[in-house]
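Please read the structure below before turning to the comments.
2 protein chains.
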Amino acid sequence: MVKKLLIAMLALAMTQGAFAADKKTNVTDKKETTSMTILDKINSPEDVKKLSSKEMVELSDDIRKGIINRVNTIGGHLGPDLGIVEATIALHYVFNSPEDKIVFDVSHQVYPHKMLTGRKQGFTDPANHPEISGYSNPAESQHDHFIIGHTSTSVSLATGLAKARDLKGEKYNVVALIGDGSLSGGEAYEGFNNAAELDSNMIIIVNDNEMSIAPNYGGLYKNLAELRQTKGKAQNNVFKALGFEYYYVEEGNDVEKLISAFKKVKNTKKPTVVHIHTLKGKGYEPAVADKETYHWTTPGFLDRKPTPEIETYNSITTNYLLNKKEQNEPVVAITAATPGVFSFTPDFREKMGDNYTDVGIAEEHAIAYASGLAKNGAKPVLALMSSFVQRTYDQMSQDLALNNSPATVLIYWGGISSADMTHLCTFDIPLISNIPNIVYLAPTNKEEYLAMLDWSYNQKDYPVFIRVPAGEVISTGEKDTTDYSILNKYKVVSKGEKVAIIAAGNFFQLGQQVKDELKKETGINATLINPRFLTGVDQGLLENLKQDHTVVITLEDGELNGGFGEKVTRYYGNSNMKVLNFGARKEFTDRVPLEELYKRYHLTKELIVEDIKNCLK
Amino acid sequence: MVKKLLIAMLALAMTQGAFAADKKTNVTDKKETTSMTILDKINSPEDVKKLSSKEMVELSDDIRKGIINRVNTIGGHLGPDLGIVEATIALHYVFNSPEDKIVFDVSHQVYPHKMLTGRKQGFTDPANHPEISGYSNPAESQHDHFIIGHTSTSVSLATGLAKARDLKGEKYNVVALIGDGSLSGGEAYEGFNNAAELDSNMIIIVNDNEMSIAPNYGGLYKNLAELRQTKGKAQNNVFKALGFEYYYVEEGNDVEKLISAFKKVKNTKKPTVVHIHTLKGKGYEPAVADKETYHWTTPGFLDRKPTPEIETYNSITTNYLLNKKEQNEPVVAITAATPGVFSFTPDFREKMGDNYTDVGIAEEHAIAYASGLAKNGAKPVLALMSSFVQRTYDQMSQDLALNNSPATVLIYWGGISSADMTHLCTFDIPLISNIPNIVYLAPTNKEEYLAMLDWSYNQKDYPVFIRVPAGEVISTGEKDTTDYSILNKYKVVSKGEKVAIIAAGNFFQLGQQVKDELKKETGINATLINPRFLTGVDQGLLENLKQDHTVVITLEDGELNGGFGEKVTRYYGNSNMKVLNFGARKEFTDRVPLEELYKRYHLTKELIVEDIKNCLK
C-alpha cells in the first residue's frame, strides 16, 4: 500500500506514453549535479537586473537545464516551466520583487522564479531537490506570496493584494501570472470581472501556450487563437470586453521583447492584461512535440524504457467506456482537463469521438453538464481527481444531488498521500458523503468496481460517486452479483466475534491484515466487514454486532473528521459498544512519506492491534 | 426559536427599507383573489400561441397582478419576475415547451413561466400559493427541467441537455435564460466557455435588467452597459469574443420585438446569445424606483408600515464595521451581491466608501480576495449566507485555509429552516468545520459575538468563521473577556452531574431548556456547556466529564452527518460514556415548517429529555 502513489504516478506516466528514450533531445545532463555558468551568479532578482541581453539568453539555458535536471530526478511539471523561462527572467528584470508582488497561478509554473529567488539548489543539486516544493510557498521565500497549487486563483488573490495596497496608500506593482489552462476556471473569470473594477495598478500576464494540460477547449481559447492570429489586433477581444487595457507579445520566449512590454505596463494605473504567446516545453524537443505527455512527468523521463502493458483500474474503466460506445450507448466520458490521469489517451479520445468531452479546467461546469446529460437520457461518466472534486461542491449539492440526476462520478487517487500540501486527496469522503441523495461507493477489488460501475451506469435513481481503488488491481476472479440498489448494505466477509473490523475501500486489505494480526496476537477471530457504501450505515448489521461483539473499529483512507467512521460511532453512541475510528487527522500535510503518516495515524496492523488490545482491557 | 426565519426575513425587509405604503402604485389588488381576464384562458403554452399582440399585452398585466398578489401574500421575488413577463410570454409563443427545453437561471425569475404552464393558481389564489414553490421544479410540471435555486447554473445544465439531444439524434431547441446578476458567477462563465463549443442548437437569453440583487459590479457589467448604449453594436462584445452569435433587443419588455428576435434564432444550428434589455420591477413603480429593496420582499409590502428600529445582529455588525472605518482601520466589508441580507444598506455602503466591496455573485472570488487582502495587511470581513458559502469550498480550503490567511468570514442564517429546498442553511457546519486550519465559532449571545468578532479582527493566525446567531438579540449585559486564541476551549456554564448538555450556537437556549426540563422530570442537575468552537473538541473537559457523568448530549442547529456532535462522540468511542447527538438528518427538506422539523429531529426539550431518560435506563 505504501507504493500507492508511485504506482499511480507510474500508471499515469505509462498511460500518457511518456517514453523519451528513443526521442532526440538537446539536453544531455541527467542525474548529475548540473554545471552552471550564469546561474551561478544569480542569488536574487537583483542579480538578474545586472545581466546583458546575451547573458539573459544564457541564463535561460541554465534554467532549462535545472528544470530538466530536477524533473528527471524527482518528477514534476516540465512543459509549463520550460515555456515560462524568459517571461520569468523579464519579470524579475523589470519589476522589483518582493516589493512588487508577483502571484503565480497554477504555481507549477514557478520553477524558474524559484531559481531566480535564492532556491536554485532545489534544481541544480539532486540532494537538495526535495527541500524545495514544486509550488509557490511563502515559507520558502519572501518572493512567494501564497501557497498555490490548484489553479485559476491568481487574479482574485492579486486583486486582494492590490486593494489592500491602495487602502494603505502604498505604491507598487501587483502582477498576476495566469495561463497554462487556468483561464477556463470560474474563479479566474470572477477574478477578472472584479480586477477590472480596480481603479489602480494591476497587471495580469496571460501566459498563452496554446495548451491546458491537454489541448484547450472552449470559446475563450478560440478567442485567444484569434488574437494570436491577428497579433492581438482582432476585434473580438475578451480582455478588452471585460474592461482591461490590452497588450500582445507574439514572441513570448524573447526576453528583450518581453522586457519591452513589461516596461510599458510597469506602474500603470489601470487593470492591464499582457497576453504573451509562449511555447510550452521550449528547449526540450520531445516536450514541444508532445505537450500533453510532458506537462507533468515521473522521474527518469530522459531515458524511460517502454514498460509492459498491465491491467490497471484505469484500463478497466476505459475498456468499460469504450465497450459502451461500441454498443452505441449514449455514454459520455468527461474530464476536466486531466485526461491523462485516467488514461483518457489520444487513442481513447479518438475512439470515443462525440461521446467524449473535455470541459477544460471547469469542474463546476463538469458536474452541472453531467447533470444535464443525465436528465436528458445520456449516460455521463465524469472522472475527477480527489483533490479537484472540491472545486465544485455547490454543483454537487444543487445541480446534481438536489436534482437526483443519475450521473456517475469516478473519484481517482482518493486517499492519504505523500503529495504536496496543495494536492492532497484526503478530503473527498467528508466532502461528498454528507450531501443528501448522493451514493458514494468504495469498491475493494476489480469485480466489485465493475459491478458498481455497471449498476451506476444503468440505474436512474441517484447521483453515484465511486472511489476508484488506488494501487495495483486486486481480482477475486468471481463476478460480483450484488444488487447495489439496496443502499447501505454492508458485506460480512468473515464472521467472527468480539471485535468487528469495518474496513472501507483502499483499506480493506489493511482490515484483513489487522484480522490476521489480532488472531495471532490474541487468538480473537474478528469479524471482517466490507461496508462498500460510504454514505450511510447498515443499521441492521450494526445492531446485530451488539450480540457478540464489544469492539468495532473502522478504517478509512481519508480524513476522519466528518468522514465515514464517525457515522458508525454515532450509531453506537447510546450503546455499550466501544468504537475506534482509524483514518487521517484534520491537517494539511506536505510531502510527508506515507510510512510516516501511517505511523502518525496508527494505520499499521501492529498499531491498530495494540489499540484494540488497549480497548479490550 | 421557531420564529427565527420570520425574524430574519423581517430584519431583511426592515433593513432594506421596504416601506411601500406611502408610494404611489398602479396596482390596487391586495390579498384577495385577483380577477383575471386573458389569464383565465391560459392553461398551457399552447394557449399563449393563440393570442393576438394586444391580448399578449393584456396577459402581461394579468401576470403582473398575479406576481404582486402572490408576493404580497407570502413574500418572494418581485422585481426580477415583473421584469421578465414579456420575455416569458414571447418564449412560450415562439418555442414549443416542453419539447423545446427552457432552463431558467436564478429560477426566482420563473413566476411568469409557472403562470403560463398550468400553475397560475399559485399566483392568483392565496389559498393555493404555498402549493407552488418560488423556483423551478420538475415535480410541479413537465415544463421545468431542473430544481434550481442557486444561480449561474443554467448554461451548464442546458449544455448537458443539448449534448444529450445531439447524441441521441433528436431535434429541438434548448434555451437557457440567464441574468439578474447570475452572469458574474464562475459557473456561468465555465458554462458559456463550453456552450460555445457545441456545434448545434443552443440559445442563451441574457436578461440584462442592469441589476443584480444590488447594482452590478465588474468588468462584464461595464461591457453590458456599452452594448446597451450602442444598441448591441459596440466593438467590445464579450459574447462574440467567446464565440457566440449575438443578437440585441433594446426593448426587452416589448412582446412583439421579443417574438421577432426569438423567431430569428429558433432552430439555429449555432450557440447563440440573445441579449435583451429589460426593466426590473416593471409595472410596479416603487419596484422600478428602488430595485434593490423590491428584488425580494416579505409579505405585506403593499401597505407596509415603518417599524421601529431595534438592535439586531445585523446592526451590531454594521456598527462594528463602521467604527473600524471611522478609526481609519484597513477594514474591508465584503458581500457577494446580497448586501441587504446583512443590512449593508446604501447608507452603510456610502459611509464605508472604499472600505466596502460588493464582488457580485462571485463567492469564489470573494474568499480568494479576502485572503489576498488579509495577507497584505488589510482586515477583510466577508459576510455570506449559509446557503451560499457552499459555492466556494475549494477557495476556503486552498486560498484561505492552506494559506492561514487571517480573514473573518461571517456566516448568516446558518441553521435548520423552513426554506425552499434550494436555499437550505443546514450544511455549513459539515462544510466548513472539517477543513484544516479554519476556526469556526458559534456565539450564543451579543457579548460573545462581539468578543469573537473583535478577536478575529485583531488576530493574525487563522481564518476565522463566525456563525452569526439567528433570531432576536440575546444580551447577558456582561462583557465577554474570553481569550479565543486558546482554541477549542469549551465553557462550562453550569456544573452539574450525570448528564452533560453541550449546546452549540443557536441551540444554546434549547440546551438551557433541556437542563430545566430534565431537572423537573428527573431531578437530575445536568451540566450545561457552551462549546463556542465548532472545529474541535475540548479534550480536557470531555475527559473530566467521565468522572461524574454517564451521558453527554450534543445539540447543533444543522446537519448531524459530518458536523459538530460526531466529533464529541468519536472522542468517547473507546469509553463507557453514552453520547446522543441532536441535529438535522441528511436530507433536502422543502418548505417544511420548523415545528415539524424539530419534531422529526427530536429537537424539543420534551423529546430530548425522553431520549436522555431512555439512555439512562
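Protein chains in written order, with the working numbering: chain A, 29 to 645; chain B, 29 to 645.
Where a beta carbon is used, it is the ideal one built from N, C-alpha and C, also for glycine.
Note that the coordinates shown come from a computational prediction; the quantities given were computed from them, not determined experimentally.
Determine, using beta carbons only, whether valine 234(A) and threonine 179(A) come nearer to each other than 7 angstroms.
No, Cβ-Cβ distance for valine 234(A) and threonine 179(A) is not below 7 angstroms.
When the Cα atoms are used, what is the spatial distance from tyrosine 245(B) to glycine 219(A)?
Their backbone Cα atoms lie some 12 angstroms apart in a straight line.
Check the Cβ of valine 122(A) against every Cβ in chain B and list those closer than 9 angstroms, keeping chain order.
In chain order: nothing, as chain B lies at least about 21 angstroms away.
Of the residues that make up the segment 599-627 of chain A, which ones have a beta carbon closer than 7 angstroms to any beta carbon in chain B?
Gly601, Asn602, Lys606, Val607, Leu608, Asn609, Lys614, Glu615, Phe616
Is the CB-CB distance between asparagine 404(B) and leucine 515(A) below 7 angstroms?
no
Could you work out which residue in Gln567(B), Ala470(B), Asn281(B), Tyr600(B) is closest to leucine 119(B) when comparing CA atoms only?
Leucine 119(B) has its Cα closest to that of Asn281(B), out of Gln567(B), Ala470(B), Asn281(B), Tyr600(B).
Using beta carbons (cut-off 7 angstroms, strictly below), is proline 358(B) in contact with chain A?
yes
Cα-Cα separation, leucine 106(A) to threonine 363(A)
One Cα belongs to leucine 106(A), the other to threonine 363(A), and the distance between them is close to 22 angstroms.
If you reduce the DSSP assignment to three classes, tell me which class proline 140(A) lands in.
Helix.
Report the option in Glu279(B), Ile338(B), Val293(B), Lys297(B) whose CA atom is closest to the CA atom of lysine 310(B).
Glu279(B)
In terms of residue numbering, what span does the alpha helix (DSSP H) encompassing leucine 538(B) cover?
536-550
Coarse secondary structure for proline 158(B), derived from DSSP in three states
The answer is helix: DSSP assigns proline 158(B) an H, G or I state.
Under 7 angstroms between C-beta atoms of asparagine 558(A) and lysine 526(A):
no
Starting from valine 203(B), follow its DSSP beta bridges and name the residues at the other end.
Ile130(B), Ile231(B)
State yes or no: is the beta carbon of glutamine 418(B) nearer than 7 angstroms to at least one beta carbon in chain A?
yes
What is the DSSP secondary structure of glutamate 525(B), counted as helix, strand or coil?
Under the three-state reduction of DSSP output, glutamate 525(B) falls in the coil class, being neither helix nor strand.
When the Cα atoms are used, what is the spatial distance from glutamine 170(A) to threonine 325(A)?
28 angstroms
Can you tell me whether asparagine 604(A) sits near the ligand SAH, meaning its C-beta is under 6 angstroms from at least one heavy atom of the ligand?
The ligand SAH is not among the ligands present in this structure, which contains no ligands whatsoever.
DSSP three-state assignment for histidine 577(A), whether helix, strand or coil
strand
Relative to the C-alpha of alanine 402(B), which residue among Glu83(A), Ala192(A), Asp109(A) is closest?
Ala192(A)
For lysine 319(A) and threonine 346(A), the rounded distance between their alpha carbons
22 angstroms
Within the chosen definition, does the segment 299-309 of chain B reach the segment 219-233 of chain B through at least 3 CB pairs nearer than 8 angstroms?
yes
Just the Cα atoms here: how many angstroms apart are arginine 92(A) and leucine 248(B)?
Going by the C-alpha atoms only, they are around 39 angstroms apart.
Please go through the same chain and pick out, in chain order, the residues whose beta-carbon is closer than 8 angstroms to the beta-carbon of glutamate 86(B), but skip the five residues on each side of it.
Within the same chain, Thr65, Ile66 come within 8 angstroms of glutamate 86(B) by CB-CB distance, once the 5 residues on both sides are set aside.
In its own chain, which residues sit with a C-beta less than 7 angstroms from the C-beta of glycine 213(A), not counting the 5 before and 5 after it?
The answer, listed in chain order, is Thr179, Ser180, Ile389, Ala390.
If I measure Cβ to Cβ from phenylalanine 416(A) and keep anything under 8 angstroms in the same chain, skipping five residues before and after, which residues do I get?
Result list for phenylalanine 416(A): His178, Ala364, Thr366, Glu391, in chain order.
Any beta-carbon of chain A closer than 7 angstroms to the one on asparagine 222(B)?
Taking 7 angstroms as the threshold, the shortest C-beta distance from asparagine 222(B) to chain A falls below it.
Where DSSP assigns a beta bridge to arginine 495(A), which residues make up the other side?
Ile439(A)
What are the residues of the segment 416-445 of chain B that lie near chain A, defined by any Cβ-Cβ distance shorter than 7 angstroms?
Gln418, Arg419, Tyr421, Asp422, Gln423, Ser425, Gln426, Asp427, Leu430, Asn431
So what does tryptophan 324(A) bridge to, in DSSP terms?
His105(A)
Can you find a C-beta in chain B that's less than 7 angstroms from the C-beta of glycine 400(A)?
It does; some Cβ of chain B falls within 7 angstroms.
Counting beta carbon pairs with one atom in the segment 538-555 of chain A and one in the segment 596-609 of chain A, are three or more of them shorter than 8 angstroms?
no
DSSP three-state assignment for isoleucine 66(A), whether helix, strand or coil:
helix
Reduced DSSP category for alanine 365(B) - H, G, I as helix; E, B as strand; rest coil
coil
Name, in chain order, the residues that DSSP records as bridge partners for isoleucine 176(B).
For isoleucine 176(B), which the question treats as bridged, DSSP gives the partners Ser164(B).
Check the C-beta distance from isoleucine 176(A) over to threonine 450(A) and give it rounded, since I have them as a contact under 8 angstroms.
About 7 angstroms; that satisfies the 8 angstroms criterion.
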